[in-house]
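Trainee: Be aware that the sequence shown starts at 912, since it is given in my numbering, and climbs by one per residue. Each residue gets a CB set at the ideal place from its N, CA and C atoms; glycine is no exception. Since the model is a prediction, treat every value here as computed from it, not as a measurement. One structure, pasted below without further comment.
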Amino acid sequence: MHAAWGHRTVCGQVWAGLGPFPGKPGNPWAKLGVMDGLQDRKIILGVTGGIAAYKSPDLVRKLAAAGAEVQVVLSAGATQFVGVAALQAVSGKRVRQDLWDPDAEAAMGHIELARWADMILVAPATAHFIANLAGGQAPDLLTTLCVATRAPMVLVPAMNQAMWANSATQANRERLQQRGVRLLGPAFGEQACGDVGPGRMLEPAEIVAELDQQSSAPQQDLAGVRVLITAGPTREPIDPVRYITNRSSGKMGYALAAAAAARGARVTLVSGPVACTCPSGAQCIDVETAEEMYRAVMGEARDADIFIGCAAVADYRPAQAAPQKMKRKDASMSLELVRSPDVLASVAQLSPRPYTVGFAAETQALERNAGSKLKAKGLDLIAANLVGPKMGFDTEDNALLVLWPGGSKRLQRAAKSTLATQLMDLIVGRFKRVPRPIDMTGSD
Ligand code: PMT
C-alpha cells in the first residue's frame, strides 16, 4: 500500500486544479451556473495558429464576463486566423505579439508579464506550439512567457485528428502533463478539413466552465466519508511470461479517486497494473490478478461507505498457470479458462454494504445491457460506457450513461476528470438520500 500527497497530475488529468480563489459577488455567470472561480484572475490568453483561433474573441469575452482580466498574446501563425483589432476591443488591452517590440516591452516586459499572470491559457494550442513547449523551446513571445512563468498552464489543443494521434504529439502531450500542464480536450467531431475524430477545440463556453470549476475550491461534502474504488485492468497469468489482460489504463478510476479525495473523502484505491500516479490524498493498494483485487477489496469493503467498481476485472483466468514458459509445439493449442471472482457482485451482497456503484463496458445495446447489470448485481447505480477502438478504454475523454433504479442521466463526452466530478456529483446526491451511519471521527 502506498499513499501520495500533493501530486497535481493524475494519469494525465490534473486535479488539485488551479488553487482556490476568493470569489466576489456580482459575477453575471453565477446566474448561469458558473461560479466565481475566475473572478479577478489575471489570465494570459495565448492564441496560436489554428483555424479555431477565430473563436478567441468570443473566448476573451466569456473570460471577461466571468470576471477575469485577460491579456492576449498571439503567435505569428494566429494572426492568419484572427484580427488583432477584435481581440484588442474585447480584452481592452493592447494585444502582444512580438518579443522584440520595444514599446510593449517598455510598458510591461515579458518577464513582468509572466509574473503578472495567475494562469496561462493557450487556446487553440497547435501541435507546433505543444512541441515547442514540450521541448522547452522559446522562439517567440508566447513560448518565452510559458517558459518564464510559474503560473499554472492550461492548453486547449486543436488540430487535425491525425496530427493529434501522431506519436510525437502524444509523447509531447505526456511530457507536458507530467510537468503539471493541464489539457482541456480536444473534443471529438467533424473538423475544418473534413476529417472526423479527436482534435476539435472545446467551445469557449466549455473552456470557461472547466476553468471556473477547477478554480473554485471543491466542496468538502465527502469529509469523513470512506470511498473504496477499483481501477485499471487485471493480469491473469498463463505462464511466468504471459498473461491475459485488457485495454484499461486506469485513467477513469484514478480520476474518480482524485475527485472523491478533492471533496474530502477518505479514499482507498485498489488498482491493477497501470502507469498512473496515486492521486493526492488517496491510499493506493496495487494488485495484479482478479483474485488479488477481490481479496484487497473484500478486506476494505466492510469499512467503506461508498464502493465504486471501475476496474476492468478479467471475467476468466487460465485454470492453471504453467510453472515454466510454455513451449511452442502444436499448430494450435487451447487454454482452459475458469471464472474469476466477481468483485462488484460480492460487495453488493455484503450486509450491511456500502453504497455500491458499478461500471458497464459495452460494445452495443448500452442501456439494455447496463440496466441488466444494475439489476442482476443489485447495484445502487451503474455508469455505462461504449468501448471500442479509441473509445472508453485508454482515452483522455469519455461519455457515460448513468442508471439507477428509477432514473438515468447522460453525461456528455468530456475529459475523464470532468466526467469524474459529474459522476461524483450524482453519486453524492444519491448516496446522501440513503440513511447509513458514517464515522466522522476517525483519521487515516
Ligand atoms: O481505465 P480506462 O482506460 O480509463 O477505461 C475506463 C473503463 C472503460 C475501464 C471504465 O470506464 C469501465 O467501463 N470500467 C468497467 C469495465 C468492465 O469490466 O466492465 P464490465 O461491464 O465487464 O463489468 C461490469 C462491472 O463488474 C464493472 O464495475 C466491473 O468492475 C465489475 N466486475 C466485472 C468482472 C469481475 N470479475 N469483477 C467485477 O467486479
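Looking only at DSSP bridge pairs, what is Phe1099 linked to?
Mentor: In the DSSP output, where bridge partners are listed per residue, Phe1099 has Pro1109.
Trainee: Name the two residues that bound the continuous beta strand (DSSP E) containing Cys1104.
Mentor: Neither: Cys1104 is in no beta strand (DSSP E) and is coded neither H nor E.
Trainee: Are the beta-carbon atoms of Val1268 and Ile1219 separated by less than 8 Å?
Mentor: Yes, the Cβ-Cβ distance between Val1268 and Ile1219 is below 8 Å.
Trainee: Does the segment 1114-1132 come close enough to the segment 1156-1163 that 3 or more CB-CB pairs lie under 8 Å?
Mentor: Judged by Cβ distances under 8 Å, the segment 1156-1163 makes no contact with the segment 1114-1132, as fewer than three pairs qualify.
Trainee: What are the complete beta strand (DSSP E) segments, minimum 3 residues, inside the segment 965-1040?
Mentor: Taking only runs of at least 3 residues, the beta strand (DSSP E) segments lying wholly in the segment 965-1040 are 980-985, 1030-1036.
Trainee: Going by DSSP, name the residue or residues bridged to Phe1218.
Mentor: BP columns for Phe1218 point to Leu1139, Thr1267.
Trainee: Can you give me the Cβ contacts of Leu998 inside the same chain, cut-off strictly under 7 Å, excluding the 5 residues immediately before and after it?
Mentor: Excluding positions up to five away in sequence, the list reads Ser967, Pro968, Val971, Val983, Val1006.
Trainee: Does the segment 1071-1084 touch the segment 1283-1299, meaning 3 or more C-beta pairs lie closer than 8 Å?
Mentor: Taking 8 Å as the limit for Cβ pairs, the verdict is that the segment 1071-1084 does not touch the segment 1283-1299.
Trainee: Could you tell me if Arg1344 is buried or exposed, where buried requires 16 or more neighbouring beta carbons within 10 angstroms of its beta carbon?
Mentor: By the neighbour-count rule (16 or more Cβ atoms within 10 Å), Arg1344 is not buried but exposed.
Trainee: So, at 8 Å on beta carbons, what are the nonlocal neighbours of Val1152 in its own chain, with the 5 sequence-adjacent residues on each side left out?
Mentor: Answer for Val1152: Lys1236, listed in chain order.
Trainee: Cβ-heavy atom distance between Lys1236 and the ligand PMT below 7 Å?
Mentor: Lys1236 Cβ: outside cutoff for every heavy atom of the ligand PMT.
Trainee: My understanding is that Ala1142 touches Ala1222, with C-beta atoms under 8 Å, so please give their C-beta distance in whole angstroms.
Mentor: That belief holds up - the Cβ atoms of Ala1142 and Ala1222 are roughly 5 Å apart, short of 8 Å.
Trainee: How big is the Cα-Cα spacing for Ser1262 and Leu1180?
Mentor: C-alpha separation (whole angstroms): 22 Å.
Trainee: For Gly961, which residues of its own chain have a beta-carbon under 6 Å away from its beta-carbon, when the five flanking residues on both sides are left out?
Mentor: Here the set comprises Pro1035, Thr1037, Ala1069.
Trainee: Decide if Ser1243 is buried, meaning its Cβ has at least 16 other Cβ atoms within 10 Å, or exposed.
Mentor: Exposed is the call here.
Trainee: Please classify Ala1341: does DSSP put it in a helix, a strand, or coil?
Mentor: The displayed chain sequence assigns Arg, not Ala, to residue 1341. Here Arg1341 sits in helix by DSSP.
Trainee: What is the DSSP secondary structure of Leu1261, counted as helix, strand or coil?
Mentor: Here Leu1261 sits in coil by DSSP.
Trainee: Beta carbon of Gly1289: closer than 7 Å to some heavy atom of the ligand PMT?
Mentor: False, no ligand heavy atom lies under 7 Å from that Cβ.
Trainee: Near Gly1289, what residues of its chain come up, given a Cβ to Cβ distance below 7 Å and the 5 sequence neighbours on each side ignored?
Mentor: So the list reads Ala1259, once near-sequence residues are dropped.
Trainee: Whose C-beta lies closer than 6 Å to the C-beta of Met1112 among residues of the same chain, with five residues either side of it excluded?
Mentor: Within the same chain, Met1112 has close Cβ partners Ala963, Pro1035, Val1067, Ala1069.
Trainee: Check this for me: beta carbons of Pro1265 and Ala1212, under 8 Å apart or not?
Mentor: Yes, the pair counts as a contact, with Cβ atoms nearer than the cut-off.
Trainee: Could you tell me whether the segment 1043-1061 touches the segment 972-979, where touching means 3 or more Cβ pairs closer than 8 Å?
Mentor: No: the two stretches stay apart, fewer than three of their Cβ pairs being nearer than 8 Å.
Trainee: Give the DSSP-derived three-state secondary structure of Leu1255 in the structure shown.
Mentor: The answer is helix: DSSP assigns Leu1255 an H, G or I state.
Trainee: Please indicate yes or no: does the CB of Asp1226 lie closer than 7 Å to some heavy atom of the ligand PMT?
Mentor: Yes, Cβ of Asp1226 sits closer than 7 Å to a heavy atom of the ligand PMT.
Trainee: Which first and last residues belong to the alpha helix (DSSP H) in which Val1208 is found?
Mentor: Unbroken alpha helix (DSSP H) run through Val1208: 1201-1211.
Trainee: Could you check if Ala1201 is buried or exposed, using at least 16 other CB atoms within 10 Å of its CB as the buried criterion?
Mentor: Under this definition Ala1201 is a buried residue.
Trainee: Answer with buried or exposed for Asp1355, where buried requires no fewer than 16 other C-beta atoms within 10 angstroms of its C-beta.
Mentor: Note on Asp1355: pLDDT 35, under 50, position unreliable in the model; no value is reported.
Trainee: As a quick exercise: from Gly1303, Gly994, Ala1000, Ala987, pick the residue whose alpha carbon is nearest that of Leu1010.
Mentor: When only C-alpha atoms are compared, the closest one is Ala987.
Trainee: Relative to the C-alpha of Ile1031, which candidate in Met1204, Ala1062, Gly1192 has its C-alpha closest?
Mentor: Residue Ala1062 is the option with its Cα nearest to Ile1031.
Trainee: Kindly indicate which three-state DSSP category Ala1326 falls into: helix, strand or coil?
Mentor: Residue state, collapsed to three classes: strand.
Trainee: Below 8 Å between beta carbons: does that hold for Lys1284 and Asn1309?
Mentor: No. Outside cutoff.
Trainee: Enumerate in chain order the residues of its own chain whose CB-to-CB distance from Asp1350 is below 6 Å, with the five nearest sequence positions on each side excluded.
Mentor: Here Asp1350 scores only 44 on pLDDT, less than 50, and its place in the model should not be relied on; the value that follows carries that caveat. Counting only Cβ-Cβ distances below 6 Å, and skipping sequence neighbours, we find nothing.
Trainee: Taking Gln1089 as the reference, which of Leu1056, Ile1140, Ala1045 has the closest Cα?
Mentor: Of the listed residues, the one whose Cα sits closest to Gln1089 is Ala1045.
Trainee: Let me confirm a value: Asp1241 is counted as buried when at least 16 other C-beta atoms fall within 10 Å, else exposed. Which label applies?
Mentor: So Asp1241 ends up on the exposed side.
Trainee: What is the residue span of the alpha helix (DSSP H) that Gly1164 lies within?
Mentor: Element bounds for Gly1164: 1162-1173.
Trainee: To test your reading of the DSSP string, which unbroken alpha helix (DSSP H) runs of 4 or more residues are found completely within the segment 1272-1308?
Mentor: Those alpha helix (DSSP H) runs which fall completely within the segment 1272-1308 and span 4+ residues are 1277-1287.
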